[in-house]
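S.K.: Here the sequence shown stands for residues 1 to 399, numbered as in the UniProt record's numbering. By construction, the Cβ of each residue, glycine as well, lies at the ideal position given by its N, Cα and C atoms.
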Amino acid sequence: MAPACLSRTDTMTQHGTSVRRRLSLSAISHNALIWGSLMAGVCPAAMADTVEARTKTHPSVCHATHRTLHPVRCTPHHAAAPAQQSAKAPVATPVASASATAVAQSSADVDGTEAENIQVLGTNHTYTAPAVEAWGKSPVALKDVPQSVSVITQQRMEDSNMLTMADAMRQINGIRVLPGSTANSNYYSRGYQLTTSVDGTPDASGTLNNAAFDLSMYDRVEVLRGSSGLLQGGGGAGGVVNEVTKKPGRDFAVDGSAMVGSFNNYRADVDMTIPLNRSKTLRFRTADLFQDNDFFYKYSHSRKWQAYGALEWDVTPTTTFLVSHAAQQQDITAPYYGLPVTTEKTLWYGGRDANPSQDWGYSNYMTQQTIASITQKLWGDWTATARATFYDQNYNTLV
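#1: If you draw a straight line from the alpha carbon of Asp353 to that of Asp292, how long is it in whole angstroms?
#2: Compute the distance between the beta-carbons of Arg387 and Thr196, then report whether it is under 8 Å.
#3: Can you list, in chain order, the residues of its chain with a C-beta nearer than 6 Å to that of Trp313? Leave out the 5 residues immediately preceding and following it.
#4: Provide the residue span of the alpha helix (DSSP H) that contains Ala310, from first to last.
#5: Does the separation of the CB atoms of Ser302 and Gln330 fall below 8 Å?
#6: DSSP on Ser262, reduced to helix/strand/coil?
#7: Exposed or buried, what is Leu339 when buried is set at 16 or more other beta-carbons lying within 10 Å of its beta-carbon?
#8: Please report the distance separating the alpha-carbon of Ser150 from that of Glu222.
#9: From the DSSP secondary-structure annotation, give me the bridge partner or partners of Lys377.
#10: Just checking my contact of Tyr336 with Tyr297 at CB under 8 Å: how many whole Å lie between their CB atoms?
#11: Kindly indicate which residue of Lys246, Tyr308, Ser279, Arg190 has the alpha-carbon position closest to the one of Gln369.
#12: Under 8 Å between the Cβ atoms of Thr245 and Asp288?
#13: Going by other Cβ atoms of all chains shown within 10 Å of its Cβ, with 16 needed for buried, is Gln358 buried or exposed?
#14: Short check: CB of Gly191 to CB of Gly238, under 8 Å?
#15: Where Glu243 and Ile152 are concerned, what is the direct C-alpha to C-alpha distance, given to the nearest angstrom?
#16: Is it buried or exposed, Thr397, if we count other Cβ atoms within 10 angstroms and call 16 or more buried?
#17: With distances taken Cα to Cα, identify the nearest neighbour of Ala183 among Ser227, Phe213, Arg170, Gln155.
#18: If you draw a straight line from the C-alpha of Asp251 to the C-alpha of Thr286, how long is it?
#19: Which residues bound the alpha helix (DSSP H) around Asp294?
#20: For the alpha helix (DSSP H) holding Ala166, just list the boundary residues, first then last.
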């Protein structure tokens, strides 16, 4: 008997190739093959009725090729085994990601025959955030936000070796970073100071010149520029910086790094997420670091540690409770506030490493932040979230 259909495709996507490769593993009904061919543009529509009538009683096997310019041949198969006739084609759920892993699972058919189900899992390592929370109270895709929004993802933080909030803000266009001291900075956009929020909730510290947490506890940083920042509670006209904290994952994962740099810079951090029960409804994540370093100017020295923990619990399939706590201690010797400005034409302070602060000066910061939230899924894409934030900072300064 002649082949059911024979055609040549000029282009074939990687997804189409993988689907045909999976279909070639077992026999399938010719009706499904013809409809799949019509949707992919392989067999002409005029041949659909003829091929369907010709193959009602004869199953066929599809042989897919690996090269994009080779034909895809559908040939009748008269002696298909009963197990092959009743077997289901593997089903795959693709996930767009940079790395993917295929996990094979077996499922029982109606007649007792087991078929292989393929599930593709992966992670997304890109510079693009799937959605942002800086514009509203719920995540919105970037293409749907009618304002100027910039996002610094965790992948970009790692690739650019960003350690502090000031490092991230310097990479965002239209933002001016004005250093306050060794431990803190202020951010401006369009002539106004930016306000901050955490997970979409206005930060209790507001625009105060406080020591910021290290980037190790954040998943991404979102910046909304313009007067829309006034919609974020006590926001400012310049915009708002939304700091999105890390959330626990359903699978165990751990990541750590150590760094040695100039000016006696030593740093180590670890990030770990772990499920606490077999059903993975109770999950925990921690991100901790320690850093000890000098600076390019004289006398100054900094020692900092930070601990962050988040516990997430799926109370019901539609209700999730989350509580997190972050603590940071930073001790600085001879904090640097900049060089004094005089009316003299010539300014000379002895060199690039000059520090007008005394070597006996110090600044000690202890910062704590606790967040508790409960999220209830309603219907469709609607959710209701109640969130409370507690922020406290104690500092002692002698200059």
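M.R.: Looking at the atomic coordinates:
#1: Locating residue 353 in the sequence shown gives position 353, where the first residue counts as 1. Locating residue 292 in the sequence shown gives position 292, where the first residue counts as 1. C-alpha separation (whole angstroms): 19 Å.
#2: Mapped onto the sequence shown, residue 387 falls at position 387. Mapped onto the sequence shown, residue 196 falls at position 196. No; because the gap between Cβ atoms is not below 8 Å, this pair is not in contact.
#3: The residue labelled residue 313 in the question sits at position 313 within the sequence shown. So the list reads Leu282, Phe321, once near-sequence residues are dropped.
#4: In the sequence shown, residue 310 corresponds to position 310, counting from 1. Segment 301-316 is the beta strand (DSSP E) holding Ala310; no alpha helix (DSSP H) there.
#5: Here residue 302 refers to the residue found at position 302 of the sequence shown. Here residue 330 refers to the residue found at position 330 of the sequence shown. Going by C-beta atoms, Ser302 is nearer than 8 Å to Gln330.
#6: Here residue 262 refers to the residue found at position 262 of the sequence shown. Correct three-state label for Ser262: coil.
#7: Mapped onto the sequence shown, residue 339 falls at position 339. Burial call: exposed.
#8: Locating residue 150 in the sequence shown gives position 150, counting from the first residue. Locating residue 222 in the sequence shown gives position 222, counting from the first residue. Between the C-alpha atoms of Ser150 and Glu222 there is a straight-line separation of about 6 Å.
#9: Numbered from its first residue, the sequence shown carries residue 377 at position 377. DSSP, once it has assigned bridges, lists Thr383 as partnering Lys377.
#10: Looking up residue 336 in the sequence shown gives position 336. Looking up residue 297 in the sequence shown gives position 297. That belief holds up - the Cβ atoms of Tyr336 and Tyr297 are roughly 6 Å apart, short of 8 Å.
#11: Position 369 of the sequence shown, counting from 1, holds the residue named residue 369. Looking at the Cα atoms, Tyr308 is the closest of the given residues.
#12: For this step, residue 245 is matched to residue 245 along the sequence shown. For this step, residue 288 is matched to residue 288 along the sequence shown. Contact flag unset, no.
#13: Here the question's residue 358 lines up with position 358 in the sequence shown. With fewer than 16 Cβ atoms within 10 Å of its Cβ, Gln358 is classed as exposed.
#14: Position 191 of the sequence shown holds residue 191. Position 238 of the sequence shown holds residue 238. Taking 8 Å as the Cβ cut-off, Gly191 and Gly238 qualify as a contacting pair.
#15: On the sequence shown, residue 243 is found 243 positions in, with the first residue counted as 1. On the sequence shown, residue 152 is found 152 positions in, with the first residue counted as 1. Rounded to the nearest angstrom, the two C-alpha atoms are 10 Å apart.
#16: Translated into positions along the sequence shown, residue 397 becomes position 397. Answer is exposed; the Cβ neighbour count stays below 16.
#17: Position 183 of the sequence shown, counting from 1, holds the residue named residue 183. The residue with the shortest Cα to Cα distance from Ala183 is Phe213.
#18: As a position in the sequence shown, residue 251 is number 251, starting the count at 1. As a position in the sequence shown, residue 286 is number 286, starting the count at 1. Asp251 and Thr286: Cα-Cα distance of roughly 14 Å.
#19: Translated into the one-based positions of the sequence shown, residue 294 becomes position 294. For Asp294, no alpha helix (DSSP H) run applies; the uninterrupted beta strand (DSSP E) run containing it begins and ends at 282-294, by DSSP.
#20: Indexing the sequence shown from 1 puts residue 166 at position 166. That run of the alpha helix (DSSP H) goes 165-169.
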